[in-house]
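In the numbering used here, the protein residues as written are 358 to 480. Glycine residues also receive a C-beta, built at the ideal position from the N, C-alpha and C atoms. Right, one structure below, let's go through it.
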């Protein structure tokens with residue numbers, strides 16, 4: 358038997374791999390569960406997800422430069438693609454507000470709201 362590994366006759370998995378596998382399974386279950394259309398007592402055909410209203414503005418508080426800029430670009434791309442999936446047909450305007458400095462996050466939030474953001478995504 359390998360030290361710090363869980364082994365079966367066909368598989369020997371280190372603990373870190375188990376953690377990643379369990380996390381991936383949880384994310385997949387949540388994602389698939391979010392696709393379900395469970396009745397919540399509303400009228401038939403009613404948009405139970407809510408969605409965006411016409412004119413909504415989503416501000417992304419993300420670093421524009423620095424060591425996390427690449428990750429921030431991936432987040433930005435994901436939000437862009439997800440914003441077009443809303444079943445109300447109203448696509449929000451997306452804006453990025455720089456939040457490179459963790460000490461300035463409150464100011465970045467206030468700036469976003471001051472510029473008309475109806476939703477804010479960020480740290």
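query: Three or more C-beta pairs below 8 Å linking the region 424-442 and the region 458-476; result: no
query: Complete runs of the beta strand (DSSP E) confined to the region 409-472 [at least 3 residues]; result: 414-419 and 450-455
query: Pick from 415, 409, 477 and 420 that is closest to residue 459, judged by C-alpha positions; result: 420
query: Cut-off 8 Å between Cβ atoms - residues of its own chain near residue 480, not counting five sequence neighbours on either side; result: 418, 456, 459 and 462
query: Contact under 8 Å by Cβ, residue 453 with residue 413; result: no
query: Counted within 10 angstroms of its Cβ, other Cβ atoms place residue 422 as buried (16 or more) or exposed; result: exposed
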